[in-house]
Amino acid sequence: MKLNFRKKGSGEPLIILHGLFGSADNWFSIAKELEREFTLYLVDQRNHGDSPHSDEWNYKVMAGDLAELMEDEGIETAYLMGHSMGGKTVMNFALRYPEKVKKLIVADIAPRYYPIHHQTILEGLSSINLHEIKSRKEADDQLAKYVPEAGIRQFLLKSLGRNSAGDFIWKINLSVIMDKIENVGEALDSEGTFDKPTLFMGGANSNYIQEKDKKDIDRFFPNNHLIYIKNAGHWLHAEQPQAVVDTVKAFLR
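First residue of the sequence shown: 96, per this note's numbering; consecutive thereafter.
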């Protein structure tokens, strides 16, 4: 699949993948701090942002999408960074195509299985009648019945767009995400290892990377370094952007 992406900066290629319900836009503030040192590829994964929709949605095909993007762009090797679902994608990619990855950064996700925990968000998004709402404010009011946190609603509603006729649409493929949400939490399934430098960057206030996860991290990524960003939860790049930028620069240098 030909993915939508934004390319900016100069230097060695650094490809960044967003998490579930996100898009390339989520990383713009980080990109501004990195584009002087790297050629950045901010990617919309399939069924997200401005990339195509597909009924096929799992980490095997998402890793294949990334391989196709690199081939199309003539990128032999790159630094890869992924957050949450994007972190699972880049982990799968590194195990399948280790020769294409210089260094790997995984933001607030581990190789293990995660149970479904987005039901309320999915219920809230599906409750919004796109044919009836007249404004984003109306969508926000409806979503607030399910998601009280304004910041999370603002993030989710970035996926609310308009078509050529001016009607509201979801940029995310909401029906497929609802139907196949279990795929997002899948554990890594591989006999291989990725031996090059790998940074696991967790949020200190998040429970996504736990002490029990170190065993799996060491198994798949033996050359790893695990750090936690202070005063940050799961969306560490939004909550502590400068700390994330400084950590990424130090690791890639």
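A virtual CB, placed ideally from N, CA and C, is assigned to each residue, including glycine.
No experiment lies behind these values; they were computed from the predicted model shown.
Residue i - containing beta strand (DSSP E), residue span
| i | result |
| --- | --- |
| Y323 | 319-324 |
| G256 | 255-257 |
| G104 | 100-104 |
| F263 | 263-265 |
| A202 | 196-202 |
| P206 | It is not in any beta strand (DSSP E) - P206 carries neither H nor E in the DSSP assignment. |
| I110 | 107-112 |
Cβ-Cβ distance between residue i and residue j below 8 Å
| i | j | result |
| --- | --- | --- |
| P108 | Y209 | no |
| A205 | Y303 | yes |
| M180 | L115 | yes |
| L238 | R248 | yes |
| N300 | A338 | no |
| N318 | P292 | yes |
| F315 | F289 | yes |
| L112 | V185 | yes |
| M273 | S221 | yes |
| G280 | D203 | no |
| L252 | D235 | yes |
| A282 | R207 | yes |
| L129 | V340 | yes |
Residue i versus residue j: straight-line alpha-carbon distance, rounded
| i | j | result |
| --- | --- | --- |
| N268 | G104 | 30 Å |
| L161 | L199 | 14 Å |
| H320 | K229 | 48 Å |
| P60 | E218 | For residue 60 there is no data in the structure shown, the boundaries of the chain being 96 and 348. |
| I216 | K155 | 25 Å |
| H213 | N99 | 25 Å |
| I211 | D167 | 34 Å |
| I324 | K183 | 19 Å |
| N121 | I312 | 26 Å |
| E163 | M96 | 7 Å |
| F133 | G106 | 4 Å |
| K307 | E227 | 47 Å |
| A333 | S149 | 28 Å |
| N153 | G256 | 24 Å |
| K102 | Y241 | 35 Å |
| G261 | L331 | 34 Å |
| K379 | H178 | Here the chain covers residues 96 to 348 and nothing more, so residue 379 does not appear. |
| A245 | E151 | 32 Å |
| P147 | M157 | 12 Å |
| N278 | Y192 | 21 Å |
| N258 | R141 | 18 Å |
| N187 | K344 | 23 Å |
Boundaries of the alpha helix (DSSP H) in which residue i is found, first to last residue
| i | result |
| --- | --- |
| R248 | 245-251 |
| R131 | It is not in any alpha helix (DSSP H) - R131 carries neither H nor E in the DSSP assignment. |
| G219 | 214-222 |
| R191 | 180-191 |
| E340 | The sequence shown places Val at residue 340, rather than the Glu named in the question. Element bounds for V340: 336-347. |
| L238 | 231-238 |
Rounded distance between the beta-carbons of residue j and residue i, thought under 8 Å
| i | j | result |
| --- | --- | --- |
| V138 | I170 | With 8 Å as the limit, V138 and I170 do not qualify as a contact, their Cβ atoms being about 12 Å apart. |
| S254 | K266 | 5 Å |
| M165 | K195 | 6 Å |
| G250 | L225 | For the sequence presented, residue 250 should be read as Phe rather than Gly. Rounded, the Cβ-Cβ distance is 18 Å, inconsistent with contact. |
| S118 | H143 | 6 Å |
Practice problem: Output the residue ranges of the alpha helix (DSSP H) runs that lie fully inside the stretch 272-334 and measure 4 residues or longer, sorted by chain position. | Solution: 309-315, 331-334
Quiz item: Can you give, in chain order, each stretch of the alpha helix (DSSP H) that sits fully within the stretch 118-175 and has at least 4 residues?
Solution: 123-129, 154-167
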